[in-house]
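In my numbering, the protein residues as written are 7 to 157.
Working notes, beginning with the structure itself.
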């Protein structure tokens, strides 16, 4: 076999190999995106040790703050104690008890006790009170809506 024939066969073999690898990559990519839906199962509900007691002082429009303690139990019940800080009529404490539910994403709990309903986003060792729109507060006082888990 002459030198040109050897190079021709080698080039053809190289081209065939590259083309085959490229097509295999596309087939695998298509199979993953078209045939399979990858679901991220890492939700707060199943991935975090969320049961426990959370504490913090939340902002208050007409008092010095609201000392808040929320206990989330494994049986999906909760106890929430709110201590309004201040003098006179402004200072008072009340407690709610009830059940909570997880949203479909497994990230947010809704605490329901009579006509008091609150939503919290559950994170690693903290819960964050959500606004009425279901979104995390982002204003100047945002850090005060985060209750930290008592260890």
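The beta-carbon is built from N, C-alpha and C at its ideal position, and this holds for glycine as well.
Bear in mind the structure is a predicted one, so any value in this text is a computation, not a measurement.
Here's the rule I'm using: 16 or more other beta-carbon atoms within 10 Å means buried, otherwise exposed. How should residue i be labelled?
i: residue 101; result: exposed
i: residue 137; result: exposed
i: residue 214; result: The structure shown does not extend to residue 214, since the chain is modelled only from 7 to 157, so the question has no answer here.
i: residue 125; result: buried
i: residue 142; result: exposed
i: residue 67; result: exposed
Would you say the beta carbon of residue i comes nearer than 7 Å to a heavy atom of the ligand GTP?
i: residue 100; result: The ligand GTP is absent from the structure shown, which contains no ligands of any kind.
What span of residues does the alpha helix (DSSP H) with residue i cover, start to end?
i: residue 51; result: 50-53
Give the secondary structure of residue i by DSSP, where H, G and I count as helix, E and B as strand, and everything else as coil.
i: residue 120; result: coil
i: residue 96; result: helix
i: residue 110; result: coil
i: residue 145; result: coil
Based on DSSP bridge pairs, tell me the residues matched to residue i.
i: residue 87; result: 75 and 101
i: residue 61; result: 75 and 154
Given this structure, state the Cα-to-Cα distance separating residue i from residue j, to the nearest angstrom.
i: residue 57; j: residue 92; result: 30 Å
i: residue 49; j: residue 129; result: 10 Å
i: residue 122; j: residue 157; result: 27 Å
i: residue 132; j: residue 96; result: 27 Å
i: residue 53; j: residue 110; result: 15 Å
Provide the residue span of the beta strand (DSSP E) that contains residue i, from first to last.
i: residue 136; result: First-last for residue 136: undefined, no H or E at that position.
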